[in-house]
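Report on the structure given below.
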Ligand code: CO
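Residue numbers (the working numbering): 22 to 207.
Below, the structure written as structure tokens:
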């Protein structure tokens, strides 16, 4: 499957709201291939020379529904400023098994490969999450204890399984409403 900014499903397509189904394990070749292509997209999307040539919009994560496949698979790569990978996941059936009461949001708001228009505002999510998933890179079940940016990214991607987009969480009356006791991540 060719994944680029033209083939990624946008929010004007009702498919983006479709709920994703559990993936049958062990992972079949078709699902594994798709997940690895998603991971490759995320990796290459932050390499400017490749991104420009292949029409890739920079991203830290992508979920299968964004390429039109309603299955619970997501690929995430977070890199540091030098482009070195801080973490990399190819997750199948990820599920939040616990989350903090404390909330956090990114000071600059969120973006999404499926959202073209800008939606300004804070997206409050749990500050910490524990996610259980099958990791197709390690080929085993893992538990991710995440806080900070990774916790936000995981919740953004897992929302895609429910057809939820980041701007659904923005307080339209007061987009920059500061919730007392919540963390603001720069
Ligand atoms: Co998204």
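All C-beta atoms, glycine included, are put in the ideal place defined by N, C-alpha and C.
Taking only heavy atoms of the ligand CO into account, decide whether any of them is closer than 7 Å to the Cβ of residue i.
i	result
residue 126	no
What is the DSSP secondary structure of residue i, counted as helix, strand or coil?
i	result
residue 112	strand
residue 72	helix
residue 23	coil
residue 46	coil
residue 204	strand
residue 143	coil
residue 53	helix
residue 85	helix
residue 37	helix
residue 189	helix
Buried or exposed for residue i, please, with buried defined as at least 16 other CB atoms from any protein chain shown within 10 angstroms of its CB.
i	result
residue 49	exposed
residue 115	buried
residue 60	buried
residue 103	exposed
residue 118	exposed
residue 197	exposed
residue 71	exposed
residue 28	exposed
Any residue whose CB is nearer than 6 Å to a heavy atom belonging to the ligand CO, listed in chain order:
133, 134, 135, 177 and 181
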